[in-house]
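Asks: Starting off with a structure, shown below.
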Amino acid sequence: MKKSDVIQRYIPTKTPLPKEHVEVFAPSNIALCKYWGKRDKELNLPINASLSISLGQLGSRTSLQPIDAAEDQVLLNDLSVDNSQSFAAKIIAYLDLFRTADSPRIRVETNNNIPTAAGLASSASGFAALIKAIDQLYGYALEPQVMSAFARMGSGSASRSLFDGFVQWHMGVREDGMDSYAELLPAQWPEFRLGLLTLTEAEKAVGSRAGMQRTLETAHLYQSWPLQAAADLEKLRSAIDDRDFHRLGQTAEQNALSMHATMIASWPPLLYWQPESVATMQQIWQLRESGIDLYFTMDAGPNIKLLFTADQQQAVEQAFPEVQVIAPFANA
Ligand code: 2P0
């Protein structure tokens, strides 16, 4: 099924008159139970459900403004991006899903305050902000679930970036994917902390989109991934309900390493780790042995995201002086 066909069923058929200017924000997110593998590449429908924590003030601020011009204008962090570049081309293709050829062109300005060097995907907050802005620009007033499903069509993990706090993305079973959306989990956990470590700024060789497809097609080990993810998601849900940090940390760390095991078992192999990644994992395990409650997660890159609680912050900052600490519930 095509994205445009799904979207057309949920928005008014006549292209509405756009507002003059809208501006929105969406947070970035880090998965504790990862999304890895699609059952539908066109709609970004996942093979497994996932669960994430949003990063509060870190994310994308996006404004949209209709312009009297022949072409859309895309700016990223105050710099103009050529429309032929993939960043702009993806945004323009996404805008086209919501408008006709004769509706006004748009100036899209996005500012990310995400440390992208730490391996945080900007596509998650970027597409979440874009659909929020589109919703306001055209005055659709879409339901959160519909908005999340539409964000997913831009980038899978964007479905989770429409909410603050803990978020679960349901895998869904429908062919049109409209039951594959993310939802806020109501739990607040003010002591919860994330630590971003930038170990290397080296560009990754294979992006997530191609990487997950390669894993799916070539790694026999991947067959066990949906079972692992389903079990981990339940454990994480109960750990969050019980505010059981050990269970949460252990489950998130094992989930990330299980995902990486399937990547490594692909052909050609997908090893996103650098020597610094392995050294840091060993350092974390040593710190844990010495009594510091510290766990980690990793995405499709070499960098490590630390998981801990406020009472361990001083010890973590001492061990990793360069860490950037995030309190996801700071404004709750
Ligand atoms: C996640 N990742 O759950 C997983 C863990 C990377 C590793 O979601 O193709 O940019 O746009 O749907 O969302 C990154 O993949 O992929 C991702 P597309 P996306 O956070």
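Counting from 1074, one number per residue, gives the positions in the sequence shown under our numbering. Positions of the beta carbon are idealized from the N, C-alpha and C atoms, including for glycine. Note that this is a predicted model, so its numbers are computed, not measured.
(1) Report the residue from G1227, N1185, L1267 whose alpha carbon sits nearest the alpha carbon of I1126.
(2) Would you tell me roughly how many angstroms separate the C-alpha atoms of A1214 and N1121, rounded to the nearest one?
(3) Using the three-state DSSP reduction, which class does L1109 fall into: helix, strand or coil?
(4) Could you tell me how far apart the beta carbons of S1198 and S1133 are, in whole angstroms, since I believe they sit closer than 8 Å?
(5) Just to check my reading of the structure: W1109 and W1298 have Cβ atoms closer than 8 Å, yes? What is that Cβ distance to the nearest angstrom?
(6) Looking at L1343 and T1273, is the spacing between their C-beta atoms short of 8 Å?
(7) Is D1141 closer than 8 Å to I1165 when the C-beta atoms are compared?
(8) Mind listing, in chain order, the continuous alpha helix (DSSP H) runs of no fewer than 4 residues lying wholly within the region 1260–1347?
(9) Among S1311, F1200, E1395, S1195, which residue has its Cα nearest to the Cα of F1239?
(10) Could you check where the beta strand (DSSP E) with I1399 kicks off and where it finishes?
(11) Inspect the beta-carbon positions of L1235 and P1259 and report whether they are closer than 8 Å.
(12) Look at S1228 and S1196 and say whether their C-beta atoms are less than 8 Å apart.
(13) Which whole-angstrom value is the C-beta distance of I1179 and Q1138, which I expect to be below 8 Å?
(14) State the beta-bridge partners of L1149 as determined by DSSP.
(15) Of all Cβ atoms in chain D, is any one closer than 8 Å to the Cβ of N1328?
(16) Mind checking whether the beta-carbon of A1448 lies closer than 7 Å to any heavy atom of ligand 1?
(17) What do you reckon, are the CB atoms on H1333 and M1371 nearer than 8 Å?
(18) Tell me whether K1308 counts as near ligand 1, meaning its Cβ is closer than 7 Å to at least one heavy atom of that ligand.
(19) Helix, strand or coil, according to DSSP, for Q1241 in the structure here?
(20) What do you reckon, are the CB atoms on A1231 and Q1241 nearer than 8 Å?
(21) Can you look up V1079 in the DSSP assignment and give me helix, strand or coil?
(22) Counting C-beta neighbours from all protein chains within 10 Å, is the total for A1202 16 or more, i.e. buried, or is it exposed?
(23) Would you check if there are 3 or more beta carbon pairs closer than 8 Å linking the region 1097–1114 to the region 1317–1336?
(24) Report yes if the CB atom of L1193 is closer than 8 Å to the CB atom of L1309, and no otherwise.
(25) Measure the alpha-carbon distance for L1257 versus A1283 and round it to whole angstroms.
(26) Under 7 Å: does the beta carbon of G1229 sit that close to some heavy atom of ligand 1?
(27) Under 7 Å Cβ to Cβ from V1246, same chain only, skipping five residues before and after it: list those, please.
(28) Using only the alpha-carbon positions, how far apart do L1200 and P1348 sit?
(29) In whole angstroms, what is the alpha-carbon distance linking L1269 and Q1356?
(30) Counting pairs of Cβ atoms below 8 Å between the region 1074–1082 and the region 1094–1102, do you hit three or more?
(31) I need the straight-line Cα distance from E1115 to A1388, nearest angstrom please.
(32) For T1271 and L1148, what's the separation of their Cα atoms in angstroms?
(33) Ends of the alpha helix (DSSP H) at P1217?
(34) Kindly indicate which three-state DSSP category L1210 falls into: helix, strand or coil?
(35) Excluding the 5 residues preceding and the 5 following S1409 in the sequence, name in chain order all residues of the same chain whose CB lies nearer than 6 Å to its CB.
(36) What separation, rounded to the nearest whole angstrom, lies between the Cα atoms of A1302 and A1329?
Replies: According to the data block:
(1) L1267
(2) Here the C-alpha atom of A1214 lies approximately 29 Å from the C-alpha atom of N1121.
(3) It is Trp, not Leu, that sits at residue 1109 in the sequence shown. If DSSP states are grouped into helix, strand and coil, W1109 belongs with coil.
(4) 4 Å
(5) 6 Å
(6) no
(7) Not in contact: I1165 and D1141 (Cβ atoms no closer than 8 Å).
(8) 1281–1291, 1298–1315, 1318–1337
(9) S1311
(10) 1397–1399
(11) With respect to the 8 Å criterion, L1235 and P1259 are not classified as neighbours on the basis of their beta carbons.
(12) In contact: S1228 and S1196 (Cβ atoms closer than 8 Å).
(13) 7 Å
(14) Beta-bridge annotation (DSSP): L1149 is paired with L1152, T1183.
(15) In summary, chain D is missing from the structure at hand, where a single protein chain is found.
(16) Summary: the structure shown does not reach residue 1448, with the chain confined to residues 1074 through 1405, and so no result is reported for it.
(17) Contact flag set, yes.
(18) Checking the Cβ of K1308 against ligand 1 gives no.
(19) Three-state result, Q1241: strand.
(20) no
(21) helix
(22) buried
(23) yes
(24) no
(25) 28 Å
(26) yes
(27) Leaving aside the five residues that flank V1246 on each side, the residues in its chain whose CB is nearer than 7 Å to its CB run, in chain order, D1252.
(28) It should be pointed out that residue 1200 corresponds to Phe in this sequence rather than to Leu. So the two alpha carbons sit approximately 32 Å from each other.
(29) When rounded, the separation of the alpha-carbon atoms in L1269 and Q1356 is 15 Å.
(30) no
(31) 45 Å
(32) Whole-angstrom Cα-Cα distance: 26 Å.
(33) 1217–1227
(34) helix
(35) Absent from the model: residue 1409. The displayed extent of the chain is 1074 to 1405, so no value can be given.
(36) If I take the Cα positions, the gap works out to 10 Å.
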